[in-house]
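*Asks:*
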Amino acid sequence: MPQRSTLLRAALILFGITFCLLYPLAIFWPSGWTWHEGPPTSSHYFMMIVGIYATLGVFLLLAARDPAANRPLIWFTVWSSLVHAAIMAVQALGHPAHAGHLLGDVPGLLLVAIVLGGLLLADRPAAATA
20 MPQRSTLLRA ALILFGITFC LLYPLAIFWP SGWTWHEGPP TSSHYFMMIV
70 GIYATLGVFL LLAARDPAAN RPLIWFTVWS SLVHAAIMAV QALGHPAHAG
120 HLLGDVPGLL LVAIVLGGLL LADRPAAATA
């Protein structure tokens, strides 16, 4: 079990850093991470999303110190990532100009949900498995 806990901590750090780097991702690969034309700062919506994900990223980094004490936050990340990916996938499929999202943020969010959810389930406290 200690190895799974170590993997969960590593995943929280990796995804926390990635969420904090959403803005640079949008600069280097805009078709996979932004939904508007022009630079990232040209969309108030996108800048709000950057702020929300950067905040979540910082909290995931803090959660890596003690994942067991932060399970609700990690589950929120799992479920909100699934919902966000599903909505974006439907929108991208409906608008061919946004197909890049099917190779960028949609699979990225699914990866976050699958990895963190799987590690949380594997790292359940003994009382939860009984």
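Per this note's numbering, the very first residue in the sequence shown carries number 20; after that it's consecutive.
Beta carbons: idealized from backbone N, C-alpha and C, even for Gly.
With a CB to CB cut of under 7 Å and the five nearest residues on each side skipped, what residues in its chain are close to Leu26?
*Replies:* Contacts found: Leu138.
*Asks:* Less than 7 Å between C-beta atoms, sequence neighbours within five positions excluded: which residues of the same chain meet that for Met107?
*Replies:* So the qualifying residues of the chain are His120, Asp124 and Val125.
*Asks:* Residues in its own chain within less than 7 Å of Asn89 by CB, not counting five upstream and five downstream?
*Replies:* Around Asn89: Ala82.
*Asks:* With distance defined between alpha-carbon atoms, name the residue in Gly76, Ser62, Gln22 and Ala29 nearest to Phe38.
*Replies:* Per the Cα distances, Gly76.
*Asks:* How many Å lie between Met150 and Val97 at the Cα?
*Replies:* Within the shown structure, residues of the chain are numbered from 20 to 149, placing residue 150 beyond reach of any answer.
*Asks:* Which of the three DSSP states, helix, strand or coil, is assigned to His63?
*Replies:* In the structure shown, His63 sits in a helix (DSSP, three-state: H, G or I).
*Asks:* For Ile71 and Ala116, I'd like the C-alpha separation in whole angstroms.
*Replies:* Distance between the alpha carbons of Ile71 and Ala116: 25 Å.
*Asks:* Which residues in the same chain have their Cβ closer than 7 Å to the Cβ of His103, if we skip the five residues on either side of it in sequence?
*Replies:* Counting only Cβ-Cβ distances below 7 Å, and skipping sequence neighbours, we find Leu128.
*Asks:* Since Arg90 is in the alpha helix (DSSP H), which residue starts that stretch and which ends it?
*Replies:* Arg90 to Gly113 is the span of the alpha helix (DSSP H), which, as asked, contains Arg90.
*Asks:* Only counting the same chain, and skipping five residues up and downstream in sequence, which positions put a Cβ closer than 7 Å to that of Thr74?
*Replies:* Answer for Thr74: no residue qualifies.
*Asks:* If I measure Cβ to Cβ from Met20 and keep anything under 6 Å in the same chain, skipping five residues before and after, which residues do I get?
*Replies:* Caution applies to Met20, whose pLDDT of 48 falls short of 50 and renders its modelled position unreliable; the model cannot decide the point.
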